[in-house]
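Note sheet for the following structure.
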């Protein structure tokens, strides 16, 4: 699966329907309350971003993918 497909199709369609989609940690912004209510950040797995997203989704948090923001620099 290419990253273009992942971001353009999977992320945007999941966000549009307010359905769960796999958060992959790339330039994500979380509400602290969503992290806390979902049990916090767990480092017991190599997919901790997806783990948190799944737990937050089960708690009723909705995800929004915004694909039209451009960043000209990276850390």
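In UniProt numbering, the protein residues as written are 1 to 75.
Cβ atoms here follow ideal geometry from the backbone N, Cα and C, with glycine treated the same way.
query                                                                                                                                                      : result
Grab me the residues of residue 35's own chain with a C-beta within less than 8 Å of its C-beta, minus the 5 sequence neighbours each way, in chain order. : 41, 52 and 56
Residue 38: buried (16+ other C-beta within 10 angstroms of its C-beta) or exposed?                                                                        : buried
Would a C-beta distance cut-off of 9 Å place residue 28 and residue 43 closer than the cut-off?                                                            : no
The alpha helix (DSSP H) with residue 69 in it runs from where to where?                                                                                   : Unbroken run through residue 69: none, as it is neither H nor E.
Put residue 38 into one of helix, strand or coil per three-state DSSP.                                                                                     : coil
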